[in-house]
Structure formats: structure tokens, C-alpha cells
Amino acid sequence: MLSPIHPDELAALDRAHLIHPVAPWRLHEQRGPAVLASAKGAFLTDNRGHQLLDAFAGLWCVNVGYGQESVVQAATEQLRQLPYATGYFHFASEPAIRLAAKLAELTPASLSRAYLTLGGSEAVDAAVRFIVQYYNATGRPGKKHFISLQRGYHGSSSTGAGLTALPAFHRGFDLPLPTQHYIASPYPYRSEAADDAAVIAASVAALRAKVAELGAQNVAAFFCEPIQGSGGVIVPPVGWLKAMQLAAHELDILFVVDEVITGFGRTGPMFACEAEGVQPDLMTLAKGLTAGYVPMGATMVSEKVYAAIADAAPAGAPIGHGATYSGHPVGAAVALEVLRLYQQGGVLANGQRGAAHFSAGLDGLRDHPLVGDSRHRGLLGALELVADKASKRAFDPALGLADRIFATAYRNGLVFRAFGDHILGFAPALTFTESEFELLFQRLKKTLDDVLAMPEVRAAM
Ligand code: PMP
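Sequential numbering from 15 applies to the sequence shown in my numbering.
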């Protein structure tokens, strides 16, 4: 156990030493950390004793809620029995093997092989490396260009951050690479397309045009999230994913679905692909796989891609991709128990029931003067805030609207996530009860009202 430490002293250590992911480093030094100390069910408690309803499942990962004893037990038993086993060469552990088989069973039929990683970025990176191998193996070494969406997020590895199209992930990092290209996101609220069919047609046309521009002989794959998460919870029309898969296959490029957020019941079914009968060539997973209890991700690969790589390697020669912790037995044991909770434990079904409360709560705020759009699928949703509803004019970033909302929500006992200055994202645990949804929307409404009452905000409208 750690010796007790005063919150101020801890904050000083944080400011001096801890580099925070995706944070403005200097601003963080001034502000200091919000230190989370414990959690149970849907609630977090910070180290000053303030209780918060977590409407974001950690970072869209704690799908089973906090404090699931059976998960703690699975981890503890595995830590005692075999805390580590390499997956290198021909070694393995029982949980890693059983998890790979379970994922092959649960994911679309096109996917039969699992490479287990430490998280989503590593899963995306593995997917890219496997795709490069695949085209070299099949005698088409020119196919090395990747296409993704302008608001897509695919992690922050050296290559994945270039498939990610958000400016902060490129600035100063010499990205994108010359082989990374983007097409417009399907963004119904801000699209000029007349209806859903037109939004889908515009995306298909954009993919075709980009492949034509680059030359199909040079294009490797199209990467997309079924719903773009970090880009602002952009929910495309139903049918979009399927249309993109058909177009990719027609264009002879691989179709990679990044289900790091949308997997494991977040949008209703186990995977968003399932809802549209999509059969991707590769799929990346993380977050809900272990519900965030320990780190783990996976790259799912089709038999076609796997076999081409396997057969092209010189006999007996290793394929040089791997990490010390690939297929970590504790991660795999946790994942197996979390998957059991989704299915036999009723968590997936509870999430599906909860979606009605969630969508009603978000849509119920459409009339609020700050809200321009509400969008959602399953338990993934967002409110887009506007200064003027008719013109959809955004607030001036100088106002710091998201910061004000976040701080007010924190005081009101609620956490969620802001994207840019104007989109509020929500991803509650699949275990949320009806009364927790009520509390969420009560606190969210109060937060929006409190912010609306600020004279500077009113003046900006
Ligand atoms: N892909 C998507 C769609 C994600 O949302 C994320 C993380 N937010 C990643 C990849 C990267 O995952 P990780 O943060 O576990 O590396």
C-alpha cells in the first residue's frame, strides 16, 4: 500500500513529473490534475472526496461499470497462477488461446485470426504492418497508400496517428505521411446532402474519386470507424458502413473497420459491423475488450490476409512483428470474464434496454437554447452546441465554452467529454440503471442552464 499523501502534494508531483496523454502540457502544469481515487458502479470519487457520475465509461471503455468482482477475481487468479507468459515463438498461455478463439467466434465470419495487443493504437499499427506485408506477399508492392476519414481517429502510434486526421495529432509530428490520405466524413448535421441516401452516396463517390486520383494499383486500404468517436461522435446514416465496404471491395482495396470504441455492445450489437452484415478484411479492437480493467487490444485478420502473409515468408522464418506483452495472460483472462459478463451476465442486453433512456434524454435537450444537434446510436451519443440554431453558427473558440461546461459539470457531479469547443460526447457504461440515466440528464440539464446563465455566453449568442 502507498503511504498517505496530501492532495496538494500529489498535485505538485504531477505538475513536476507526469506527462499526460493528449493534454496541453504547459496549461496542465498551471491547472494541475483531477485525481480519481476510487470508483463503484457508475460513480467515481476524486481524491478530495467529490463524487461524480461517469457518463463516459472512463474513456469509452468501462462498459461493465466499476467494481465488477468477478473481473477482479479473474485477474487475481491469473496473477497468482501465471502472471506472465510470452507469446513469442511457440509459447502461449491458455487465456490467450481461448480469447483468440472467442474473438474469432464473436466477430464477423470473415475474421478468423486474432493478434493480441496492449491497446487500440498498437492494434491499428499491427493492422497497417500486416497490410503492408499482405501486398508485398501477393506481388502488389505498389499498393501502399491508405485512405481514412477527415474526422477519423485511429490512435497515436507513428503510423496510426497519420490515419487519424485530427490536427493536434499531426502538428509537430511530421504527419500525415505521403502515403496517408483523407476523404470527407459523413456528417449529417453539417452536410449539404439532402437526405441519408445522399450522405452515403457522397462518401462512396469521395472514396471512388480518391482511389482514382491515387490509382487503384497504389491504394492498400480504407480505414474507418463505424461511428467516428474522437472526431466528435459523428453518426453516419444506417447503411453507410455497408456501402463503404461494397465500394472498397469493388475498388480492390482492403476494408478495415476500427471498432475500438464501437465494439462490445457500445452501439447495441456486440459489434457495429453486425448491424449491417459487414464483413471486414481486418478489424481493430480494444477498450471494451477488457472494459478498461487492464490494457488489451486485438487486430482481427481474415484468413485470406493471414494465409498470404504466412505462405510468403521463407519456410521457418519468423514474421517480425510482436511485443513482450502480446497476448498477456492477465489481460486475456480479464477479457474472457468481461466477454462472459456481456453475454451470460446480461450486460449487453442491459445496454440495449438503456439505449431508449439514453436517446430520449439526449433528444429531450434538443430544445435547449445551446443545443443544435443530438445524435446517438446505442449508448454512444453527443450534443453539438451552437451559438445560433438557425445558421448552426459555432461559438467563438475564444469563449472557452467547453472548458466552462466541463468545469460546471464537474462541480455538478458529472463527467463526460468535450470535443473541440462545441461537441459534448457521452458513452455511459452498459450497466447504467434507469435512475442513473435520470441523474445524468438532470445534472446535464442543470449544467447547460448554469452555463447559459453566464453573461459572456449569452453575449456570444
Ligand atoms: N481507434 C479508435 C477508434 C479509438 O477511439 C482509439 C482510442 N480512443 C484508438 C484507436 C487507440 O486506442 P488506444 O488509446 O487504446 O491506443
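All C-beta atoms, glycine included, are put in the ideal place defined by N, C-alpha and C.
Using a threshold of 7 Å, is the CB atom of residue i nearer than that to any non-hydrogen atom of the ligand COA?
{"i": "His184", "result": "The ligand COA is not part of this structure, which contains only the ligand PMP."}
Taking the beta carbon of residue i as the centre, do at least 16 other beta carbons fall within 10 Å, making it buried, or is it exposed?
{"i": "Trp74", "result": "buried"}
{"i": "Arg62", "result": "exposed"}
{"i": "Asp272", "result": "buried"}
{"i": "Gln44", "result": "exposed"}
{"i": "Trp39", "result": "exposed"}
{"i": "Phe187", "result": "exposed"}
{"i": "Ala182", "result": "exposed"}
{"i": "Glu398", "result": "buried"}
{"i": "His195", "result": "buried"}
{"i": "His436", "result": "buried"}
{"i": "Thr90", "result": "exposed"}
{"i": "Gly360", "result": "exposed"}
{"i": "Met310", "result": "buried"}
{"i": "Tyr307", "result": "buried"}
{"i": "Phe103", "result": "exposed"}
{"i": "Gly101", "result": "buried"}
{"i": "His159", "result": "buried"}
Taking the alpha carbon of residue i as the point to measure from, which residue in the options has its own alpha carbon closest?
{"i": "Gln242", "options": "Pro38, Gly176, Arg40 and Gly439", "result": "Gly439"}
{"i": "Ala321", "options": "Gln95, Tyr149, Ala48 and Met15", "result": "Tyr149"}
{"i": "Ala423", "options": "Leu454, Ala396 and Leu117", "result": "Leu454"}
{"i": "Glu68", "options": "Ala30, Gly229 and Thr445", "result": "Residue identity check: residue 68 is Asp in the sequence provided, not Glu. Selected option, being the one with the closest Cα: Thr445."}
{"i": "Ala370", "options": "Arg389, Asp381 and Val385", "result": "Arg389"}
{"i": "Ala25", "options": "His31, Gly46, Ser17 and Val36", "result": "Gly46"}
{"i": "Val270", "options": "Gly81, Ser84 and Ser124", "result": "Ser124"}
{"i": "Pro97", "options": "Phe420, Leu41, Gly341 and Ala467", "result": "Gly341"}
{"i": "Ile419", "options": "Arg407, Ala404, Gly375 and Leu466", "result": "Leu466"}
{"i": "Ala441", "options": "Leu413, Gln366 and Asp410", "result": "Gln366"}
{"i": "Pro99", "options": "Asp463, Ala346 and Glu450", "result": "The sequence given here places Ala at residue 99; Pro does not occur at that position. Among Asp463, Ala346 and Glu450, the Cα nearest to that of Ala99 is on Ala346."}
{"i": "Gly336", "options": "Leu228, Ala48 and Phe105", "result": "Phe105"}
{"i": "Tyr203", "options": "Lys403, Phe430, Ala432 and Lys460", "result": "Lys403"}
{"i": "Val274", "options": "Phe285, Leu228, Lys406 and Pro155", "result": "Phe285"}
{"i": "Gly414", "options": "Ala432, Arg425 and Asn426", "result": "Ala432"}
{"i": "Leu120", "options": "Arg425, Ala412 and Tyr356", "result": "Tyr356"}
{"i": "Val225", "options": "Phe70, Leu268 and Ser17", "result": "Leu268"}
{"i": "Glu239", "options": "Ala114, Asp210 and Met258", "result": "Met258"}
{"i": "Ile248", "options": "Glu351, Phe57, Leu221 and Val213", "result": "Val213"}
For the alpha helix (DSSP H) that contains residue i, what are its first and last residues?
{"i": "Val138", "result": "Gly134 to Ala151"}
{"i": "Gly375", "result": "Val361 to Asp377"}
{"i": "Gln456", "result": "Glu448 to Leu466"}
{"i": "Glu398", "result": "Segment Leu394 to Leu399 is the beta strand (DSSP E) holding Glu398; no alpha helix (DSSP H) there."}
{"i": "Ile323", "result": "Glu317 to Ala326"}
{"i": "Tyr129", "result": "Looking at the DSSP string, Tyr129 is not in any alpha helix (DSSP H); the run it does join, the beta strand (DSSP E), is Leu125 to Thr131."}
{"i": "His42", "result": "Trp39 to Arg45"}
{"i": "Val271", "result": "Segment Leu268 to Asp272 is the beta strand (DSSP E) holding Val271; no alpha helix (DSSP H) there."}
{"i": "Gly72", "result": "Ala71 to Trp74"}
{"i": "Asp417", "result": "Leu415 to Arg425"}
{"i": "Ile111", "result": "Glu108 to Leu120"}
{"i": "Gly174", "result": "Gly174 to Leu177"}
One question on the structure: do residue i and residue j come within less than 8 Å of each other, judged by their Cβ atoms?
{"i": "His168", "j": "Leu177", "result": "yes"}
{"i": "Arg472", "j": "Leu393", "result": "no"}
{"i": "Ala110", "j": "Pro332", "result": "no"}
{"i": "Ser172", "j": "Glu136", "result": "no"}
{"i": "Ser162", "j": "Ser316", "result": "no"}
{"i": "Gly277", "j": "Gly253", "result": "no"}
{"i": "Val233", "j": "Lys157", "result": "yes"}
{"i": "Ala349", "j": "Thr304", "result": "yes"}
{"i": "Gly174", "j": "Asp139", "result": "yes"}
{"i": "Pro200", "j": "Pro250", "result": "yes"}
{"i": "Ala141", "j": "Leu296", "result": "yes"}
{"i": "Gly79", "j": "Ala443", "result": "yes"}
{"i": "Glu351", "j": "Ser84", "result": "yes"}
At what residues does the beta strand (DSSP E) containing residue i begin and finish?
{"i": "Cys238", "result": "Val233 to Cys238"}
{"i": "Leu66", "result": "Gln65 to Asp68"}
{"i": "Arg391", "result": "Val385 to Arg391"}
{"i": "Asp491", "result": "Residue 491 cannot be examined here, being either before or after the span of the chain that is shown, 15 to 475."}
{"i": "Leu50", "result": "Leu50 to Lys54"}
{"i": "Met297", "result": "Leu296 to Leu299"}
{"i": "Ala503", "result": "Here the chain comprises residues numbered 15 to 475, so residue 503 is not present and cannot be evaluated."}
{"i": "Arg194", "result": "Rather than Arg, the amino acid found at residue 194 in this sequence is Gln. Gln194 -> beta strand (DSSP E) spans Gln194 to Ile197."}
Assuming residue i and residue j are in contact, meaning their beta carbons sit under 8 Å apart, how far apart are those beta carbons, in whole angstroms?
{"i": "Pro122", "j": "Pro294", "result": "7 Å"}
{"i": "Arg457", "j": "Leu428", "result": "4 Å"}
{"i": "Lys256", "j": "Gly291", "result": "7 Å"}
{"i": "Ala401", "j": "Ala474", "result": "6 Å"}
{"i": "Phe236", "j": "Ala198", "result": "13 Å between Cβ atoms; not a contact."}
{"i": "Phe451", "j": "Phe372", "result": "6 Å"}
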